[in-house]
């Protein structure tokens, strides 16, 4: 049941001062400005319910609190600033906007070192000073089995830095342009696609170049996955922003909104491999991200747990 694509443990950041981020609004077409006086409490309640649902399904969830003291409105989306990899590797990433750079926190990395086997931490974040950004597993959708990094080109995914990451971590980069119906570039690859062990969710029609579209579809199929071709409307409902996890069984965590957008045939394909686990996060989704963005998977080996004498 367990595969390297579907981690058993995750990191999530509890947002006490949630709001839509004004610094990211310019290039995030999924973001809406619906702030009201009860936005932060509603987001907190959604977050806590999501964590409880994941834990009940058998996923190990490490929760860190963000009180808002650093003015980090997008901290609920930690998958952009770090990633973990089999073999004990951790990467830290440069972020595009200034207030997102403050999301990086040493206590998360210390937890990983304490609870899991970490052999090295490769820190790319200093390249922010050169105007470079590669926003983690938002910018890259990683096939951990086939060792492929799928990347929609944007100013949040610098091609030079991508090549450096792929050389360090032994991934093959597959880059492509992607845009919505209005011609706006897709800001993060993980709203366009998600990869499970046996299937892949992707909107191929949002890749305008026929040759690149065919290449992406072929590479997904070559790795043995059933390609679930989503519509642009389903992408607008965050149906591509999902993550496969391992709990009591293999799971696909996605938002309730995304789950409603899937067709019965698409659900049937997923359920041959994983149980759908919908999480209701409508307030959090106003920030332009969904369940995949909220979850930083831990692809590390856990240290033996000491038992009390």
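Residue numbers (UniProt numbering): 1 to 309. Virtual Cβ for every residue (Gly too), placed ideally from N, Cα, C.
Exposed unless 16 or more other CB atoms sit within 10 angstroms - verdict on residue i
i, result
"residue 6", "buried"
"residue 188", "buried"
"residue 299", "buried"
"residue 183", "exposed"
"residue 84", "buried"
"residue 278", "buried"
"residue 235", "buried"
"residue 248", "exposed"
"residue 270", "buried"
"residue 306", "exposed"
"residue 4", "exposed"
"residue 257", "buried"
"residue 225", "buried"
"residue 138", "buried"
"residue 15", "buried"
"residue 94", "buried"
"residue 2", "exposed"
"residue 80", "buried"
"residue 12", "buried"
"residue 291", "buried"
"residue 197", "buried"
"residue 216", "buried"
"residue 67", "exposed"
"residue 167", "exposed"
"residue 43", "buried"
"residue 304", "exposed"
"residue 86", "exposed"
"residue 131", "exposed"
"residue 119", "exposed"
Where residue i falls: helix, strand or coil (DSSP)
i, result
"residue 126", "helix"
"residue 103", "coil"
"residue 248", "coil"
"residue 265", "helix"
"residue 60", "strand"
"residue 283", "helix"
"residue 72", "coil"
"residue 3", "coil"
"residue 243", "strand"
"residue 48", "helix"
"residue 256", "helix"
"residue 290", "coil"
Opposing strand residues paired with residue i [DSSP bridges]
i, result
"residue 194", "201"
"residue 82", "92"
"residue 150", "141 and 174"
"residue 296", "11"
"residue 39", "According to DSSP, residue 39 bridges with nothing at all."
"residue 302", "116"
"residue 179", "185"
"residue 121", "90"
The alpha helix (DSSP H) enclosing residue i, as first and last residue numbers
i, result
"residue 136", "136 to 139"
"residue 235", "232 to 236"
"residue 186", "Here residue 186 belongs to no alpha helix (DSSP H), and DSSP marks it neither H nor E."
"residue 117", "Counting along the chain, residue 117 falls outside any alpha helix (DSSP H), and DSSP gives it neither H nor E."
"residue 161", "159 to 169"
"residue 215", "210 to 222"
Element boundaries [beta strand (DSSP E), containing residue i]
i, result
"residue 275", "275 to 279"
"residue 310", "There is no way to answer for residue 310, as the model of the chain reaches only from 1 to 309."
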